[in-house]
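2 protein chains.
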Amino acid sequence: MDKSKTFRELHQPGRPLLLPNVWEFGLAALLVAQGFPALGTTSLGISAATGEPDGHPNTRAATVDLAGRLSRLDTAVSVDIADGFSAEPDAVADLAAELAGAGVAGVNIEDGRPGGSLAEVDAQCALIGAIKARVPDLFVNARTDTHWLTRNPPAATVAIERAKAYAGAGADGVFVPGLIDAAGIEAVVQAIGVPLNLLFLPAGHPFARLAELGVARVSLGSLPYRTALAAAVETARAVREGRPLPSIAPPGYGEIVALLPQH
Amino acid sequence: MDKSKTFRELHQPGRPLLLPNVWEFGLAALLVAQGFPALGTTSLGISAATGEPDGHPNTRAATVDLAGRLSRLDTAVSVDIADGFSAEPDAVADLAAELAGAGVAGVNIEDGRPGGSLAEVDAQCALIGAIKARVPDLFVNARTDTHWLTRNPPAATVAIERAKAYAGAGADGVFVPGLIDAAGIEAVVQAIGVPLNLLFLPAGHPFARLAELGVARVSLGSLPYRTALAAAVETARAVREGRPLPSIAPPGYGEIVALLPQH
């Protein structure tokens, strides 16, 4: 199976790929069993699971390690590499090549930088270009953090400018988390010429509405991770306080074990 | 703070320590914020998270790594080392010393062996004795899998024999997962002379009842891990199918980030 080709074909405007974001193997295996044809990773999940700041270079090794483990599954995997863990195009291309070699189908690279600034457009394009030059088949999803980090000029304008620049540098798709108004979504879809990825927000549009608006990919971001933690904490609190357990039925021990390789 | 001493003192028959079992840092940090004074780890969680069979020697490094990260938190940590990942007393003592050096307060070592057999009593006592000889202050909780693996003779009889042997070899407490009938619990509490640890079971006694029966420690085992996965899978399915998200409110992104160190 050519996972990169399959993954690329799953990006259909109007019939979006729903990409659950994972941070560990067991969940990924359960999602594959539930028919999800592709999975992303979440930098927050990987970072918090290891006790490091979100997207910190210290999480590079854990990110690569997880990618290798997920690639054993019968699903396409896209890896969140945050800002690439380096400002050097060669180093970011090295990482992309390492991930592609491990079997991943795509990466996400973002222009938000620690402290809340946006990278210079040219510098970000250099990172994207370096990845595509090294591993042309890898699906590069360029995330722009305009809607999280920009106040003025209007975020939609900046998002469209950046999306076009990133697509020009070779990006296969663009991710605009925080873009939420219907007219803005349609405007970005029309303007950018590559598949648009949005973040699902519990208070925002349902998945079916995002499809109608022409979105090609919908990510869950850190929501599954945060919900997982909440359920585990509530389990412990409920036992302590003599309250009913969370109503969601956990898989049995044997069901988890059956998902794991037997050496 | 002497975490081993604190941890030991938390084992009070009739007023048991509730020990949530974790497999990653973010959950541990949230539980500490919720006032849990001690945490265990779960071998199933660590194994499934990394895509390895439960308790396999391949998970030794991940177990040690997690222990080091959890030890940064203001809580006592007990590490599930499965069967010790080795049949050699010296190797198991090495592991215990490594964990104690990383700051953990206790370990769990079990007599169940791959394939569903029980270790020979003398061999298991040799592992326990080797740990206590090397790191006397480490709280060693000896798990006996009699109730999961033994059919005949009666499991309670075997559990008491083994518990006494393990306590004689230096174990500070005994864990009998699967022991569930009230009379059996009271009999084991009376017989063994060290704190009794039981596994909380959703269909079994509430925590308060286990306290009345004289239990000194109640573990959640893999239940939080399995519930966490269920909540994450349900999040992804609910978005895909246009259903409401799980009712449990996830912590916000910022709430998770605030739990993580800033380098």
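Going down the list, the sequences are from chains L and R. Under the numbering used here, the first residue of the first sequence carries the number 682, and numbering increases by one thereafter. Under the numbering used here, the first residue of the second sequence carries the number 682, and numbering increases by one thereafter. A virtual CB, placed ideally from N, CA and C, is assigned to each residue, including glycine. This structure is a prediction, so every number in the text was calculated from the model and none was measured.
Three-state class that DSSP yields for residue i in the structure shown
i	result
L/Asp803	helix
L/Ala714	helix
L/Ala707	Reading off the sequence, residue 707 of chain L comes out as Gly, not Ala. If DSSP states are grouped into helix, strand and coil, L/Gly707 belongs with the helices.
L/Gly935	helix
L/Gly854	strand
L/Leu860	coil
R/Leu808	helix
L/Leu691	coil
L/Leu941	coil
Residue i versus the options, residue with shortest Cα-Cα distance
i	options	result
R/Val857	R/Gly851, R/Ala840, R/Gly849, R/Glu867	R/Ala840
L/Glu801	L/Asp735, L/His692, L/Ala846, L/Val760	L/Ala846
L/Pro905	L/Val703, L/Pro738, L/Tyr934	L/Val703
R/Arg713	R/Ser724, R/Leu699, R/Val870, R/Val855	Note that residue 713 of chain R is Val in the sequence shown, not Arg. Closest by alpha carbon: R/Leu699.
R/Phe717	R/Gly726, R/Leu691, R/Gly874, R/Glu733	R/Leu691
L/Glu791	L/Gly765, L/Gly874, L/Pro835, L/Asp746	L/Gly765
R/Leu819	R/Ser798, R/Ala763, R/Gly851	R/Gly851
R/Arg696	R/Val938, R/Leu926, R/Ala912, R/Arg890	R/Arg890
L/Ala804	L/Pro887, L/Ala823, L/Asn878	L/Ala823
L/Arg794	L/Ala772, L/Arg815, L/Ala768	L/Ala768
L/Val869	L/Pro883, L/Gly854, L/Phe881	L/Gly854
L/Leu808	L/Trp829, L/Gly895, L/Ala772	L/Ala772
L/Lys686	L/Ile937, L/Pro701, L/Ala719, L/Leu711	L/Ala719
R/Ala742	R/Ala710, R/Ser752, R/Glu779, R/Ala709	R/Glu779
R/Arg689	R/Gly796, R/Ala757, R/Glu936	R/Ala757
L/Val920	R/Asp683, R/Pro701, R/Pro694, R/Thr723	R/Pro701
L/Val816	L/Pro770, L/Ala917, L/Ser724, L/Thr827	L/Pro770
R/Thr731	L/Ile762, L/Ala892, L/Asp746	L/Asp746
L/Glu867	L/Gly707, L/Gly859, L/Val896	L/Val896
L/Gly902	L/Ala837, L/Gly784, L/Asp761	L/Asp761
L/Arg918	R/Gln715, R/Lys813, R/Ala709, R/Gly707	R/Gln715
R/Ile861	R/Gly874, R/Gln871, R/Ala836	R/Ala836
L/Gly933	R/Leu725, R/Ser900, R/Ala814	R/Leu725
R/Cys806	R/Arg843, R/Asp826, R/Val785	R/Arg843
R/Thr723	R/Val785, R/Leu941, R/Thr838, R/Ala763	R/Ala763
L/Leu940	R/Gly874, R/Trp829, R/Arg907	R/Arg907
Within chain L, the residues that residue i reaches when beta carbons sit closer than 8 Å
i	result
R/Ser798	Within chain L, no residue comes near R/Ser798; the closest Cβ sits about 17 Å away, beyond 8 Å.
R/Gln943	Pro734
R/Ala911	Ala912, Ile929, Ala930, Pro931, Pro932
R/Glu769	Those within 8 Å of R/Glu769 in chain L number zero; the least Cβ separation is about 19 Å.
R/His737	His944
R/Gly923	Pro887, Phe888, Ala889
Identified DSSP bridge partners for residue i
i	result
L/Ile790	L/Ala823
L/Ala947	An answer regarding residue 947 of chain L cannot be provided, because it is not within the stretch 682 to 944 covered by chain L.
R/Ser724	Bridge partners of R/Ser724: none, in fact.
R/Ser685	Partner(s): none; R/Ser685 has no beta bridge.
R/Asn702	R/Gly721
Neighbouring residues, chain R, relative to residue i (Cβ below 8 Å)
i	result
L/Pro883	Leu926
L/Gly892	The sequence shown places Ala at residue 892 of chain L, not Gly. Here the premise fails: no neighbours, minimum Cβ distance about 11 Å.
L/Val758	The contacting residues do not exist; L/Val758 stays about 13 Å from chain R at best.
L/Arg750	Thr731, Gly732
L/Arg753	Gly732
Where residue i meets chain R, residues with beta-carbon distance less than 7 Å
i	result
L/Ala917	Pro701, Leu712, Phe717, Leu901, Pro905
L/Glu705	Ala730
L/Val920	Leu699, Phe881, Phe888, Leu901
Contacts that residue i makes with chain L (C-beta to C-beta distance below 7 Å)
i	result
R/Ile937	Leu725, Ala729, Arg907
C-beta neighbour in chain B for residue i, strict 8 Å
i	result
R/Gly695	The structure shown contains no chain B; its protein chains are L and R.
Closer than 7 Å: residue i CB and nearest the ligand GTP heavy atom
i	result
L/Ala804	In the structure shown, the ligand GTP is absent, as is every other ligand, since no ligand is present at all.
Cross-chain neighbours of residue i in chain L, by beta carbon under 9 Å
i	result
R/Leu860	Within chain L, no residue comes near R/Leu860; the closest Cβ sits about 17 Å away, beyond 9 Å.
Chain R residues whose Cβ lies nearer than 9 Å to that of residue i
i	result
L/Leu808	None at all; the shortest Cβ gap to chain R is about 22 Å.
In chain order, each beta strand (DSSP E) run of at least 3 residues that lies wholly inside the segment 869 to 930 of chain R: 877 to 880, 898 to 900
If you scan the segment 749 to 788 of chain L from start to end, which runs of the beta strand (DSSP E) of 3 or more residues do you find wholly inside it? 757 to 761
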